[in-house]
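S.K.: Got a structure for you, questions after.
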Amino acid sequence: MRVHVADHPLITHKLTVLRDVQTSSPVFRQLTEELVTLLAYEATRNVRVDPVEIQTPVTTTTGVKISEPRPIVVPILRAGLGMLEGMVKLLPTAEVGFLGMVRDEETFEPTTYAERLPDDLSDRQCFVLDPMLATGGSLGAAIKFLFARGAQDVTAICLLGAPEGVAAIEKQVEGHDVTLVLGAVDERLNEKGYIVPGLGDAGDRLYGTA
Ligand code: PRP
Ligand code: URA
């Protein structure tokens, strides 16, 4: 598994505002979108492209276009939805599928309550969006789900991760082509499975308590 942790002052600045308990939901949503677009630049580094001949006003030249089958972007509901717009801004031709997952706050076990994805993901490059990688239960289950449908490779974009979550994903996806792109890796998880210092409950901060 490849792990890329962003090291850029703009990303750290935006994350700092995001972490602040005083930051309102509208600002939180806006920053989430901006952060994803910045992280997506790195996450799409290996997106497959094919050569294409074009005519400029001056001459003909060879450029590239994103290959078929198109990549698929998969936000994990609910909090991952806040990352979708920022991602498709950079990858407008991608398809979008959905996975709805919620973790049990006592056992940390994830449950999948919704799924809207092609049955066959053979040869597809998949980009999973989830702001928080805590124990790794939710993201690990999502990645395994995509590989079970035939995905060629999976890149996950998370705003924040805990070291425990990164290690858990590494263990769960052994032998698969997985890239993890994170805005930051924080210190640890607390006894409630929250990332420390973290930003609290990402879904609640984006959309309010549900
Ligand atoms: C949050 C977050 C991740 C998950 C991370 O979702 O968005 O999906 O927890 O925790 P884990 O790494 O321990 O699995 P949550 O289950 O709170 O659902 P929500 O997005 O609907 O708020
Ligand atoms: N889910 C969140 O939204 N935040 C955390 O810190 C951990 C899990």
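In full-length UniProt numbering, the protein residues as written are 1 to 210.
Each residue gets a CB set at the ideal place from its N, CA and C atoms; glycine is no exception.
Bear in mind that the values here come from a model prediction, so they are computed numbers and not experimental data.
Please look up how many angstroms separate the CB atoms of Val154 and Val128, rounded, as I've assumed it's under 8 Å.
M.R.: Indeed, because the Cβ distance is near 6 Å, the residues count as touching under 8 Å.
S.K.: Give every residue whose Cβ lies closer than 5 Å to any heavy atom of the ligand ATP, listed in chain order.
M.R.: The model depicted lacks the ligand ATP and carries the ligand PRP and the ligand URA instead.
S.K.: Do the CB positions of Gly82 and Thr32 come within less than 7 Å of each other?
M.R.: yes
S.K.: Tell me, which residues are paired with Ala148 by DSSP?
M.R.: Looking at the DSSP assignment, Ala148 forms no beta bridge with any residue, so it has no partner.
S.K.: When the Cα of Pro110 is compared with those of Gly100, Asp20 and Pro118, which residue comes out closest?
M.R.: Gly100
S.K.: Shortest alpha-carbon distance to Asp123 belongs to which of Thr209, Thr135, Ile143 and Phe147?
M.R.: The option with the nearest alpha carbon to Asp123 is Phe147.
S.K.: Should Arg205 be labelled buried (16 or more other beta-carbon atoms within 10 Å of its own) or exposed?
M.R.: buried
S.K.: Checking the sheet assignment: what are the DSSP bridge partners for Leu156?
M.R.: Here residue 156 turns out to be Ala, not Leu, going by the sequence shown. Per DSSP, Val128 and Leu180.
S.K.: Who does Gly63 pair with in a DSSP beta bridge?
M.R.: Val52
S.K.: May I have the straight-line CA-CA distance separating Val73 from Ala162, to the nearest angstrom?
M.R.: Taking the straight line joining both Cα atoms gives about 23 Å.
S.K.: Is Ala79 near the ligand PRP, in the sense that its beta carbon is under 6 Å from a heavy atom of that ligand?
M.R.: Result yes, Cβ under 6 Å from the ligand PRP.
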